[in-house]
Amino acid sequence: MSNTWSREELESAFQTWHATVTRAASGTGSWREFVDLFTPDAEYHEQMVGVLKGPDAIWAWAEPTLAQFPGSAMTSFPDYWHLIDDVNGVIVVKLNNLMRDPGDGSQMGADNISILTYAGNGKFSKEEDIYDPAEFVRLVPEWCRRAMELGTLGEAELAWCKQALPAAESDSVS
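Counting in the working numbering, the sequence shown runs from 406 upward without gaps.
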């Protein structure tokens with residue numbers, strides 16, 4: 406498969422994708438803007454959910470997962486590196502899903518790889534996210550514990566964290 410896009414167009418599309426994700430995560434943008442980067446027939450492969458087909462299905466996953474707690478506490482996705490396959494129109498990026506500062510200046514995150522298939526005109530026809538679910542299973546409770554110790558959680562976040570942590574543990578940090 407050969408494409409008609411230049412390396413510069415692919416780089417620009419990636420930078421737009423990453424900037425859109427960054428804005429949405431920080432709260433200065435919207436996850437809807439992220440969904441708008443996909444073609445009408447796009448597929449989003451989320452390894453814990455399966456294959457989401459089309460922007461409506463992607464939105465139905467993104468809004469509750471990324472825009473609501475605890476996903477909303479992942480406030481930045483800095484990239485370590487990205488690779489561009491300009492023959493096939495594919496971009497591979499390694500990101501760190503960083504939780505917001507729990508209140509002591511520390512950074513807590515978990516890595517993932519996203520594989521983006523470019524479709525032209527600034528749109529993507531496919532995204533596949535690859536990560537170790539166990540990293541996230543460790544990350545979120547660790548972050549909750551620290552934020553609870555520091556007293557930096559809102560009421561709804563505190564309730565969620567208390568429910569997510571074992572009873573004896575959540576009682577000892579609250």
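All C-beta atoms, glycine included, are put in the ideal place defined by N, C-alpha and C.
Remember, predicted model here, so these are calculated numbers, not experimental data.
Determine the burial state of residue i: buried for a count of at least 16 other Cβ atoms within 10 Å of its Cβ, exposed for fewer.
i	result
Met479	buried
Glu532	buried
Ser519	buried
Pro460	buried
Pro445	exposed
Pro571	exposed
Ala569	exposed
Taking C-beta to C-beta, are residue i and residue j nearer than 8 Å?
i	j	result
Val545	Pro483	no
Glu468	Lys458	no
Val497	Leu503	no
Arg551	Asp509	yes
Glu547	Ala515	no
Leu471	Trp422	no
Asp506	Glu451	no
Ser431	Ser481	yes
What are the boundary residues of the alpha helix (DSSP H) that includes residue i?
i	result
Val492	Premise fails: Val492 is in no alpha helix (DSSP H) and is neither H nor E.
Leu544	Pro538 to Leu555
Ser431	Arg412 to Ser431
Leu558	Unbroken run through Leu558: none, as it is neither H nor E.
Given residue i, which residues of its chain have a CB within under 6 Å of its CB, disregarding the five upstream and five downstream residues?
i	result
Tyr485	Lys499
Trp565	Phe474
Ser530	Thr444, Ala447, Thr522 and Ala524
Val495	Thr522
Return the chain-ordered list of same chain residues with a C-beta closer than 8 Å to the C-beta of residue i, the five sequence neighbours on each side being excluded.
i	result
Asp491	Asn408, Trp410, Ser411, Arg412 and Leu415
Val440	Pro460, Ile463, Trp464 and Ala467
Glu591	Limits of the chain in this structure are 406 at one end and 579 at the other, which puts residue 591 out of reach.
Leu442	Thr421, Trp422, Thr425, Gly527, Lys528 and Phe529
Run through the DSSP bridge pairs and tell me what residue i is partnered with.
i	result
Leu488	Val497
Ala467	Its beta-bridge partners do not exist; DSSP assigns none.
Gly455	Glu451
Asp506	Answer is none; Asp506 lacks a bridge partner.
Asp441	DSSP lists no partner for Asp441.
First and last residue of the beta strand (DSSP E) that includes residue i?
i	result
Leu521	Gly514 to Gly525
Thr480	Met479 to Ser481
Excluding five sequence neighbours on each side, which residues of the same chain lie with their C-beta closer than 7 Å to the C-beta of residue i?
i	result
Glu562	Phe474
Met453	Pro538
Thr557	Pro507 and Gly508
Gly559	none
Would you say residue i lies against chain D (beta-carbon separation less than 8 Å)?
i	result
Gly434	Judged by its chain identifiers, the structure shown contains no chain D, having just a single protein chain.
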